[in-house]
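Numbering (this note's numbering), first residue to last: 292 to 650. What follows is a short report on a single structure.
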Ligand code: 9MR
């Protein structure tokens, strides 16, 4: 087979070229060489609105997670009225694309429906939690690879034991809400890996060090008391302008998690660049180098099962609304740019995933 001439390439319709998925193996292909996975969060709206993105999702990913569609406010908008329509759209896309799904998330202090915030009390908490997890995890039983059973439970500054965040669940049930959540999930869908998912555990700065220390204490306690937590999700919402990335600290933390018998998943990787200059090449290089340094510290540990980014393309990221750049430019936090071209961050993730974990 002869290669197309430069003239033929130039003559090819630009649209066809732009729509074609890249031929080189995607991130999942690279991750799977060492038995790991790569995946992305996907917003259900993209299924109808962005077919070009879906081509690349299939090319790069082995697993997906709904960005919003599996949260309580979405699944049970009114008491006892369950609506799985959007979650099932994502499940169907994943199934016909040969992709696995993660469930995100059962118990969280955000995305709670209004009625739940009103009803949740020490008198109702246990029943509400048991019923919700039993119903929802039961509905998806056998179809999800993992559940983020409890999301973002840590906030040592709040004062409750174990560095736990002062949330409606904590106030209703005390620290035992975690036990109840993990046990209920284990009962309803024993095959889904049960994950505690957390952010702000990435850097060698005081408030994050406190979170790591307290999280390890909490997990040691849960494990010692037979609570069936099986993995920790390190969200990895990184900041390219943060200088306190200490690979030794990260290595130690992941080793400590593994020492408790836990698996680790990088669940929501992205790299904000609002602290960097406008120049795209400068930004892309800094974002890639930052993620590479973080991943190269975490991924060598064989307890790490895989990596997901919080979106695949810069077309859509929560960061633009949450941390808008002062110059008004869109952030460039994800592996593909807004035209769905692979960026230096893509290459950094690929290279880090390709290195064999330590034996
Ligand atoms: O990206 C998500 C955004 O679209 C939602 O409005 C928001 C609230 O449900 O959640 C965002 O995703 C968060 C995730 O669920 C948990 N970790 C932090 C993520 C970014 O805020």
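All C-beta atoms, glycine included, are put in the ideal place defined by N, C-alpha and C. Bear in mind that the values here come from a model prediction, so they are computed numbers and not experimental data.
Rounded straight-line distance, which links the Cα of residue j to that of residue i
i, j, result
"residue 440", "residue 534", "32 Å"
"residue 481", "residue 620", "45 Å"
"residue 592", "residue 373", "40 Å"
"residue 350", "residue 531", "27 Å"
"residue 487", "residue 643", "24 Å"
"residue 566", "residue 425", "43 Å"
"residue 463", "residue 518", "19 Å"
"residue 442", "residue 474", "15 Å"
"residue 661", "residue 387", "Outside the displayed range of the chain (292 to 650) lies residue 661, so it cannot be described from this structure."
"residue 389", "residue 411", "39 Å"
"residue 307", "residue 459", "Any reading at residue 307 needs caution, since the residue's pLDDT is 44, under 50, leaving its predicted position unreliable; the model's value is listed next. So the two alpha carbons sit approximately 51 Å from each other."
"residue 375", "residue 572", "42 Å"
"residue 343", "residue 352", "14 Å"
"residue 647", "residue 371", "47 Å"
"residue 457", "residue 450", "8 Å"
"residue 512", "residue 611", "38 Å"
"residue 316", "residue 465", "48 Å"
"residue 435", "residue 394", "6 Å"
"residue 653", "residue 586", "The question about residue 653 has no answer, for the chain in this structure spans 292 to 650."
"residue 543", "residue 583", "17 Å"
"residue 568", "residue 630", "21 Å"
"residue 348", "residue 360", "17 Å"
"residue 418", "residue 369", "16 Å"
"residue 469", "residue 385", "29 Å"
"residue 423", "residue 461", "17 Å"
"residue 292", "residue 444", "Annotation note: pLDDT 34 at residue 292 (below 50); position unreliable, coordinate value reported separately. Straight-line Cα distance between these residues: approximately 57 Å."
"residue 616", "residue 650", "42 Å"
Beta-carbon spacing of residue i, residue j below 7 Å
i, j, result
"residue 338", "residue 357", "no"
"residue 318", "residue 556", "no"
"residue 720", "residue 476", "The structure shown does not extend to residue 720, since the chain is modelled only from 292 through 650, so no value can be given for it."
"residue 672", "residue 552", "With the chain covering only 292 through 650, there is no way to say anything about residue 672."
"residue 526", "residue 558", "yes"
"residue 574", "residue 606", "no"
"residue 625", "residue 561", "yes"
"residue 548", "residue 589", "no"
"residue 597", "residue 340", "no"
"residue 437", "residue 483", "yes"
"residue 495", "residue 540", "yes"
"residue 446", "residue 490", "no"
"residue 404", "residue 364", "yes"
"residue 354", "residue 324", "no"
"residue 398", "residue 479", "no"
"residue 563", "residue 521", "no"
"residue 501", "residue 492", "no"
"residue 414", "residue 362", "no"
Residue i, enclosing beta strand (DSSP E) - first and last residue
i, result
"residue 331", "328-333"
"residue 504", "Careful: residue 504 lies outside any beta strand (DSSP E), inside the alpha helix (DSSP H) at 497-515."
"residue 430", "Premise fails: residue 430 lies in the alpha helix (DSSP H), 416-430, not in any beta strand (DSSP E)."
"residue 601", "Looking at the DSSP string, residue 601 is not in any beta strand (DSSP E), and its letter there is neither H nor E."
"residue 395", "391-398"
"residue 367", "Careful: residue 367 lies outside any beta strand (DSSP E) and carries neither H nor E."
"residue 489", "484-489"
"residue 470", "Residue 470 -> not in any beta strand (DSSP E); alpha helix (DSSP H) instead, spanning 468-479."
"residue 522", "522-525"
Residue interval of the alpha helix (DSSP H) (run including residue i)
i, result
"residue 550", "538-550"
"residue 376", "376-388"
"residue 555", "Where residue 555 is concerned, there is no enclosing alpha helix (DSSP H), although the beta strand (DSSP E) it sits in stretches over 554-563."
"residue 611", "610-613"
"residue 528", "Segment 528-530 is the beta strand (DSSP E) holding residue 528; no alpha helix (DSSP H) there."
"residue 356", "Where residue 356 is concerned, there is no enclosing alpha helix (DSSP H), although the beta strand (DSSP E) it sits in stretches over 354-357."
"residue 587", "571-589"
"residue 346", "342-351"
"residue 641", "635-645"
"residue 455", "No alpha helix (DSSP H) holds residue 455; DSSP gives it neither H nor E."
Minimum Cβ-Cβ distance from residue i to chain D less than 7 Å
i, result
"residue 548", "The chain inventory of the structure shown lacks chain D, comprising one protein chain alone."
Evaluate contact between the stretch 569-585 and the stretch 633-645, counting only Cβ atoms and requiring at least three cross-stretch pairs below 8 Å.
yes
Taking 8 Å as the cut-off, does the stretch 321-333 touch the stretch 591-609 (at least 3 CB pairs, one atom from each stretch)?
Touching, yes, given that three or more Cβ pairs across the two stretches are closer than 8 Å.
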